[in-house]
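Novice: Take this structure, written in structure tokens, and hold onto it; I'll ask about it next.
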Amino acid sequence: MVAGGRVSLAARSIHRTRSTHPGLDRMTEKIADEGVPLYEVTDWADRFPWVFAGITHAGSSPDPFDLRLFGDPPSPQAPERWKSLLRASAFETIVYARQIHETRIVVHDDVGKGVREAQGAADGHTTADSGVLLAVTVADCVPIYLLDADARAVALLHGGWRGIAAGLLLRATTLLGVRWGTDPGRLLVHMGPAICGECYEVGPEVFEALGMEGPPRAAPVDLRGALAERARAAGVPQESITVSGLCTLCGDGNLFSHRGGRSERQVAVLGIRP
Ligand SMILES: [Zn+2]
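Residue numbers (the numbering used here): 45 to 318.
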């Protein structure tokens, strides 16, 4: 449990290794053991010190670091934990939305301070303002981090199969082009911890919705692989697409998995440091 006051971001280390996704670099996270339970995407932190990208995890406390706000019931500790996360990041604002597996993306400019819920449901956020930390809640779905370093703009998406099939990623790259002048050729796309292509068994209707060939029975699908294809199709260079090595279900046990029977949620965050 994290009490009040400024808390330190825990130690972290991510390095690139060969991926199970052919041609894609993998970023491997290490477990944090103090402060707000968090992994940071340190590869981006090294290259772009003005960017903060990460994801919370359960932590080592017997009371897991659950940030679920919309569950039934929501976690009673969640509002205080969101404030702790904001304090730990040293950002002025953290923004989130009720997520509904669709493709609406909210542009945040000139938002107020503190923990703030966007008006209306949304499955993505973008900003070019410093001090505004974007947040999506996940527990198997893919947190998709987008960074345009030239425009100093970021976007963060909640990618479940429905949103991916509905064109969430293309909608984001198009929106970034309109709002920040982003060319997909200079965009970085990182797919964070999510259920992996061996664990996520789905019916034929999901393969069909994703436009993929699949067997006429339940079989595993790789959402991050499907997203990588979409990123390439949108014009993002292969070398600019990275994938986390962590699976929420068969990984280190530190992440919540909906398929694994957990009702708790972790939160992915991305922003331009104040
Ligand atoms: Zn897995």
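Using N, Cα and C, we set each Cβ at its ideal position, and we do this for glycine too.
Quick caveat: nothing in here was measured; it's all calculated off a predicted structure.
What are the boundary residues of the alpha helix (DSSP H) that includes Gly-221?
Specialist: The sequence position of residue 221 within the sequence shown is 177, counting from 1. Start and end: 212-224.
Novice: May I have the straight-line CA-CA distance separating Leu-299 from Glu-245, to the nearest angstrom?
Specialist: The residue you call residue 299 lines up with position 255 of the sequence shown. The residue you call residue 245 lines up with position 201 of the sequence shown. About 18 Å.
Novice: Does the beta-carbon distance from Val-186 to Ala-238 come in below 8 Å?
Specialist: Within the sequence shown, numbered from 1, the residue matching residue 186 stands at position 142. Within the sequence shown, numbered from 1, the residue matching residue 238 stands at position 194. Contact flag set, yes.
Novice: Assuming His-145 and Gln-310 form a contact by the criterion Cβ under 8 Å, report the distance between their Cβ atoms to the nearest whole angstrom.
Specialist: As a first step, residue 145 must be located in the sequence shown, where it is residue number 101. As a first step, residue 310 must be located in the sequence shown, where it is residue number 266. With a Cβ gap of about 17 Å, His-145 and Gln-310 do not count as contacting.
Novice: What number of angstroms, rounded off, separates the C-alpha of Ile-285 from the C-alpha of Ala-275?
Specialist: By one-based count along the sequence shown, residue 285 stands at place 241. By one-based count along the sequence shown, residue 275 stands at place 231. Taking the straight line joining both Cα atoms gives about 8 Å.
Novice: Is the number of C-beta pairs between the region 221-231 and the region 255-271 that are closer than 8 Å three or more?
Specialist: Result no; under three Cβ-Cβ pairs closer than 8 Å.
Novice: Taking 7 Å as the line, does the beta carbon of Ile-239 fall inside it for any heavy atom of ligand 1?
Specialist: On the sequence shown, position 195 is the one that residue 239 refers to. Result yes, Cβ under 7 Å from ligand 1.
Novice: In the DSSP assignment, find the alpha helix (DSSP H) that holds Ser-119 and state where it starts and stops.
Specialist: The residue you call residue 119 lines up with position 75 of the sequence shown. It is not in any alpha helix (DSSP H) - Ser-119 carries neither H nor E in the DSSP assignment.
Novice: Is it buried or exposed for Glu-242, if we count other Cβ within 10 angstroms and need 16 for buried?
Specialist: Counted from its first residue, the sequence shown places residue 242 at position 198. Its Cβ having fewer than 16 others within 10 Å, Glu-242 is exposed.
Novice: Among the candidates Phe-135, Glu-273, His-202 and Val-80, whose CA atom is the shortest distance from the CA of Asp-184?
Specialist: Taking the sequence shown and counting its residues from 1, one reaches residue 184 at position 140. Checking every option, the nearest Cα to that of Asp-184 belongs to His-202.
Novice: Output the boundary residues of the alpha helix (DSSP H) element that contains Glu-249.
Specialist: Counted from its first residue, the sequence shown places residue 249 at position 205. Start and end: 248-253.
Novice: Between the Cα of Ala-216 and the Cα atoms of His-169, Ser-174 and Thr-181, which residue gives the shortest distance?
Specialist: For this step, residue 216 is matched to residue 172 along the sequence shown. Closest by alpha carbon: His-169.
Novice: By the three-class DSSP mapping on this structure, what secondary structure does Glu-308 have?
Specialist: Taking the sequence shown and counting its residues from 1, the one referred to as residue 308 is at position 264. DSSP places Glu-308 in coil when its eight states are reduced to three.
Novice: Just confirm the distance between the C-beta atoms of Arg-160 and Thr-137, as a whole number of angstroms; I'd bet it's less than 8 Å.
Specialist: Here residue 160 refers to the residue found at position 116 when the sequence shown is read from its first residue. Here residue 137 refers to the residue found at position 93 when the sequence shown is read from its first residue. Right, the Cβ-Cβ distance comes to about 6 Å (below 8 Å), so this counts as a contact.
Novice: Using a threshold of 8 Å, state whether the C-beta atoms of Ala-197 and Ile-149 are closer than that.
Specialist: The residue you call residue 197 lines up with position 153 of the sequence shown. The residue you call residue 149 lines up with position 105 of the sequence shown. Contact flag unset, no.
Novice: Tell me whether the beta-carbon of Ala-270 lies closer than 8 Å to the beta-carbon of Gly-247.
Specialist: Here residue 270 refers to the residue found at position 226 when the sequence shown is read from its first residue. Here residue 247 refers to the residue found at position 203 when the sequence shown is read from its first residue. No, the Cβ-Cβ distance between Ala-270 and Gly-247 is not below 8 Å.
Novice: Would you say the beta carbon of Glu-242 is closer than 7 Å to some non-hydrogen atom of ligand 1?
Specialist: If you number the sequence shown from 1, residue 242 lands on position 198. Checking the Cβ of Glu-242 against ligand 1 gives yes.
Novice: Is the beta carbon of Val-176 closer than 8 Å to that of Leu-129?
Specialist: Taking the sequence shown and counting its residues from 1, the one referred to as residue 129 is at position 85. Taking the sequence shown and counting its residues from 1, the one referred to as residue 176 is at position 132. No, these two residues do not count as a Cβ contact at 8 Å.
Novice: Given that a residue counts as buried once 16 or more other Cβ atoms are within 10 Å of its Cβ, and exposed if not, what is Cys-294?
Specialist: Here residue 294 corresponds to residue number 250 of the sequence shown, with the count starting at 1. So Cys-294 counts as exposed.
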